[in-house]
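Asks: First, the structure itself, so that you have it in front of you.
Protein chains: 2
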Amino acid sequence: MATRRQRTERRADALSKDRIVDAAIEILDAEGERGLTFRALTSRLATGTGAIYWHVANKEELLTEATTRVVDLVMMRVPDSRTPAAGARAITLIALGVFDAIDEHPWVGAHLPRVPWQPGMVSLFEGIGGRLDALGVPGPAQFNAASALVSYILGVAGQNAANARRHAPGTSRSGVLGEAAARWEELDPAAYPFLRKVAPQLRDHDDREQFLAGVDLILAGLTAGQ
Amino acid sequence: MATRRQRTERRADALSKDRIVDAAIEILDAEGERGLTFRALTSRLATGTGAIYWHVANKEELLTEATTRVVDLVMMRVPDSRTPAAGARAITLIALGVFDAIDEHPWVGAHLPRVPWQPGMVSLFEGIGGRLDALGVPGPAQFNAASALVSYILGVAGQNAANARRHAPGTSRSGVLGEAAARWEELDPAAYPFLRKVAPQLRDHDDREQFLAGVDLILAGLTAGQ
DNA sequence: ACCTGAACACCGTTCAAGT
DNA sequence: ACCTGAACACCGTTCAAGT
């Protein structure tokens, strides 16, 4: 009984996978992906590298665990419903939830596309695929439909992560967009007619709205035949 | 005159940005992204690291140049046409061209989403956006439409790159998919009904066809209102 | 102008040794 | 069983020195 007690009631500061992942997320959010090193982790947790490697296989597992937590938090908040309208709404909620989560934790956007069938990715696939019945997408088309939606979400996720990595947290978004738009306006009109035409839209667009427009586009394609 | 001659007709083995990028692409194709180090480059080019840094700012520029070459090669092969059918076909050709290029050079799929408005990305955006007029997509909707298509392509690109990075070039694709499908079939049916249902489709699906189905889905969404 | 290569400031990971 | 921390085998990048 005494040993049992000792094993279950560990000291509050005892090392565990959970505490390691906690610390990793704090570092990732504060310093970005580049800041997460085993040296930073050991100093924050006041241990040696070997202690961390006892609980976690390697850095990839650490990032995967952290990513899983963030994605699962998003999925937990989505209601499941069975009418077509509710199906579309649930998918939009998942998509926006992932978008916002990546806005808050850009490293998730970088890691999610990197490890093929990691748990967070599996949850996402199930979460979206499971709503396609309600949407009225026929069974055989559901696999491709879910895959298209997830690929689109991961594509935006990766780009947003890349944007966040480049610009310091304080950087003005409109400034960055304005510079990019100005570059587009100076391109050779013969070679880049489209970019010149849409440069003003680049300057004024909202990433979140544009992301949502893409989701709506795919949903429209899915229900186009009905 | 003699000096001019000397400057333009350099020795065949003289270092230049082009030759460095050539060597980088060879290494990337043969050894993957992990194989491209400045040590590998210097030994292949028989110089010192400083020589490479004289021509190229850093590793990211090297990867961006290499990526640009691959993407531009794809874009060069797409005919431009003005009828709706030809517009859709051109977009499909670009999408498949990028897909196949990434199949051959997986590192492109990893780098393309990583550097926001790199030249290869700009070409891709222009190539797709420039065909939306022919497709009949109204002007104001074109920016979001191009963005959705490109994001989807980058999403698939990133995942394919991740897959290639994990499995040695010789690995049997059906074996990998079979194992993944088997894992899905063992999931809790209450928690993962969708994945269990589509597991057989995962086992048999073709990545390229699935990618194309996604492109068609977005194109269908774009022309749904017409 | 262009190249050399040693040196710097890092990494992730391993492992013998401790408790 | 769990932890320590030095050591290993790498990296990208810089820079004084050469031609």
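Residue numbers (this note's numbering), protein chains in the order written: chain A, 1 to 226; chain B, 1 to 226.
Ideal Cβ positions, reconstructed from N, Cα and C, are used throughout, including at glycine.
Could you confirm whether any beta carbon from chain A is found closer than 8 Å to the beta carbon of residue 117(B)?
Replies: The residue given as residue 117(B) occupies position 117 in the second sequence. Cβ-Cβ to chain A under 8 Å: yes for residue 117(B).
Asks: With DSSP run on the structure shown, which of helix, strand or coil describes residue 209(A)?
Replies: Within the first sequence, numbered from 1, the residue matching residue 209(A) stands at position 209. Residue 209(A) falls in the helix class under three-state DSSP.
Asks: Does residue 10(A) have its Cβ less than 8 Å from a Cβ in chain B?
Replies: Taking the first residue of the first sequence as 1, we reach residue 10(A) at position 10. For residue 10(A), the predicted model reports a pLDDT of 49, less than 50, meaning its position is unreliable and no value from the coordinates is stated.
Asks: Using a Cβ-Cβ distance under 8 Å, would residue 114(B) count as near chain A?
Replies: Within the second sequence, the letter at position 114 stands for residue 114(B). Chain A, which has a Cβ nearer than 8 Å to the Cβ of residue 114(B), makes this yes.
Asks: Looking at chain B, is there any beta carbon in it that lies within less than 8 Å of the beta carbon of residue 258(A)?
Replies: Because chain A in this structure spans residues 1 to 226, residue 258(A) falls outside the shown range and cannot be described.
Asks: In the structure shown, what three-state DSSP assignment does residue 216(B) receive?
Replies: Position 216 of the second sequence, counted from the start, is the residue given in the question as residue 216(B). Three-state DSSP puts residue 216(B) in a helix.
Asks: Do you know how far the Cα of residue 147(B) is from the Cα of residue 137(B)?
Replies: In the second sequence, the residue the question calls residue 137(B) occupies position 137. In the second sequence, the residue the question calls residue 147(B) occupies position 147. Distance between the alpha carbons of residue 137(B) and residue 147(B): 13 Å.
Asks: Below 8 Å on C-beta distance, what does residue 122(A) contact in chain B?
Replies: Taking the first sequence and counting its residues from 1, the one referred to as residue 122(A) is at position 122. Within chain B, the residues near residue 122(A) are 192 and 195.
Asks: CB-CB under 7 Å to residue 236(B), same chain, minus the five flanking residues each way: which ones, in chain order?
Replies: Residue 236(B) falls outside the range modelled here, since chain B spans only 1 to 226, and no answer is possible.
Asks: Please report how far the alpha carbon of residue 1(A) lies from the alpha carbon of residue 204(B), in whole angstroms.
Replies: As a working mapping, residue 1(A) is identified with position 1 in the first sequence. As a working mapping, residue 204(B) is identified with position 204 in the second sequence. Any reading at residue 1(A) is ruled out, since the residue's pLDDT is 36, under 50, leaving its predicted position unreliable.
Asks: What does residue 218(B) reach in chain A if we use C-beta pairs closer than 7 Å?
Replies: The residue you call residue 218(B) lines up with position 218 of the second sequence. What residue 218(B) touches in chain A: 217, 218 and 221.
Asks: Please identify the residue among 105(A), 118(A), 172(A) and 91(A) whose C-alpha is closest to the C-alpha of residue 152(A).
Replies: Taking the first residue of the first sequence as 1, we reach residue 152(A) at position 152. Ranking 105(A), 118(A), 172(A) and 91(A) by Cα distance to residue 152(A) puts 91(A) first.
Asks: Would you kindly work out how many angstroms separate the C-alpha atoms of residue 6(A) and residue 38(A), rounded to a whole number?
Replies: The residue you call residue 6(A) lines up with position 6 of the first sequence. The residue you call residue 38(A) lines up with position 38 of the first sequence. The predicted model places residue 6(A) with a pLDDT of 41, which falls under 50 and marks its position as unreliable; any figure quoted below should be read in that light. Their backbone Cα atoms lie some 29 Å apart in a straight line.
Asks: Looking at the C-beta of residue 126(A), does it have a partner C-beta in chain B at a distance below 8 Å?
Replies: Taking the first residue of the first sequence as 1, we reach residue 126(A) at position 126. Yes, residue 126(A) lies at the interface with chain B (some Cβ there is under 8 Å from its Cβ).
Asks: Considering only their Cβ atoms, is the gap separating residue 154(B) from residue 113(B) smaller than 8 Å?
Replies: If you number the second sequence from 1, residue 113(B) lands on position 113. If you number the second sequence from 1, residue 154(B) lands on position 154. The answer is yes: Cβ separation under 8 Å.
Asks: Any beta-carbon of chain B closer than 8 Å to the one on residue 74(A)?
Replies: Counting from one through the first sequence, the residue named residue 74(A) turns up at place 74. False, the Cβ-Cβ gap to chain B never drops below 8 Å.
Asks: Ends of the alpha helix (DSSP H) at residue 67(B)?
Replies: One-based indexing of the second sequence puts residue 67(B) at position 67. Taken as a continuous stretch (DSSP letters only), the alpha helix (DSSP H) holding residue 67(B) covers 59-76.
Asks: Given that a residue counts as buried once 16 or more other Cβ atoms are within 10 Å of its Cβ, and exposed if not, what is residue 4(A)?
Replies: Here residue 4(A) is taken as the residue at index 4 of the first sequence, counted from 1. Reliability fails at residue 4(A), whose pLDDT of 37 lies under 50, so the model's placement of it is uncertain and no value is given.
Asks: Hey, could you find the ends of the alpha helix (DSSP H) residue 84(B) is sitting in?
Replies: The residue you call residue 84(B) lines up with position 84 of the second sequence. Segment 84-104, the alpha helix (DSSP H) holding residue 84(B).
Asks: Shorter than 7 Å, the distance from the beta carbon of residue 208(B) to the closest heavy atom of the ligand GDP, or not?
Replies: Among the components modelled here there is no ligand, and therefore nothing to report on the ligand GDP.
Asks: Would residue 3(A) count as contacting chain B if we go by Cβ distances under 8 Å?
Replies: Walking along the first sequence from the start, residue 3(A) turns up at place 3. Model confidence at residue 3(A) stands at a pLDDT of 38, short of 50, so the residue's coordinates are unreliable and nothing is read from them.
Asks: From which residue to which residue does the alpha helix (DSSP H) around residue 119(B) run?
Replies: On the second sequence, residue 119(B) is found 119 positions in, with the first residue counted as 1. Residues 119-129.
Asks: Less than 8 Å between CB atoms is the rule here; does residue 152(B) satisfy it with respect to chain A?
Replies: Taking the first residue of the second sequence as position 1, residue 152(B) is located at position 152. Cβ-Cβ to chain A under 8 Å: yes for residue 152(B).
Asks: So which residues on chain A does residue 147(B) lean against when the C-beta distance must stay under 7 Å?
Replies: As a first step, residue 147(B) must be located in the second sequence, where it is residue number 147. What residue 147(B) touches in chain A: 210 and 214.
Asks: Just to check my reading of the structure: residue 165(B) and residue 33(B) have Cβ atoms closer than 8 Å, yes? What is that Cβ distance to the nearest angstrom?
Replies: Start at 1 with the first residue of the second sequence, and residue 165(B) comes out as number 165. Start at 1 with the first residue of the second sequence, and residue 33(B) comes out as number 33. About 7 Å separates the two Cβ atoms, so the contact holds.
Asks: The alpha helix (DSSP H) that contains residue 55(A), what's its start and end?
Replies: Taking the first sequence and counting its residues from 1, the one referred to as residue 55(A) is at position 55. That run of the alpha helix (DSSP H) goes 49-55.
Asks: Please say whether residue 107(A) and residue 28(A) have beta carbons closer to each other than 8 Å?
Replies: Taking the first residue of the first sequence as 1, we reach residue 28(A) at position 28. Taking the first residue of the first sequence as 1, we reach residue 107(A) at position 107. Contact: yes.
Asks: Determine the burial state of residue 60(A): buried for a count of at least 16 other Cβ atoms within 10 Å of its Cβ, exposed for fewer.
Replies: Taking the first sequence and counting its residues from 1, one reaches residue 60(A) at position 60. So residue 60(A) ends up on the exposed side.
Asks: Can you pull the chain B residues whose beta carbon is under 8 Å from the beta carbon of residue 198(A), in chain order?
Replies: Reading the first sequence from its first residue, position 198 is the one you call residue 198(A). By Cβ distance, chain B contributes 129, 142, 143 and 146.
Asks: Could you tell me if residue 67(B) is buried or exposed, where buried requires 16 or more neighbouring beta carbons within 10 angstroms of its beta carbon?
Replies: Counting from one through the second sequence, the residue named residue 67(B) turns up at place 67. Residue 67(B) should be labelled buried.
Asks: By a C-beta neighbour count over all protein chains shown, 10 Å radius and 16 as the cutoff for buried, is residue 26(A) buried or exposed?
Replies: Taking the first residue of the first sequence as position 1, residue 26(A) is located at position 26. That one is exposed.
Asks: Please state whether DSSP places residue 37(A) in a helix, a strand or coil.
Replies: Sequence index remark: in the first sequence, residue 37(A) carries index 37 (1-based). Looking at residue 37(A) - three-state DSSP - the assignment turns out to be coil, as it is neither helix nor strand.
Asks: If we define contact as Cβ-Cβ less than 8 Å, is residue 166(A) a contact residue for chain B?
Replies: Here residue 166(A) corresponds to residue number 166 of the first sequence, with the count starting at 1. Output row for residue 166(A): interface = yes.
Asks: Drop a sphere of 10 angstroms on the beta-carbon of residue 57(A), count the other beta-carbons inside from all chains shown, and report buried for 16 or more, exposed for fewer.
Replies: Position 57 of the first sequence, counting from 1, holds the residue named residue 57(A). Its Cβ having fewer than 16 others within 10 Å, residue 57(A) is exposed.
Asks: Got a sec, what are the start and stop residues for the alpha helix (DSSP H) residue 224(A) sits in?
Replies: Locating residue 224(A) in the first sequence gives position 224, counting from the first residue. It is not in any alpha helix (DSSP H) - residue 224(A) carries neither H nor E in the DSSP assignment.
Asks: In three-state DSSP terms, what is residue 42(A)?
Replies: Numbered from 1 along the first sequence, position 42 holds the residue referred to as residue 42(A). Reduced to three states, the DSSP call for residue 42(A) is helix.
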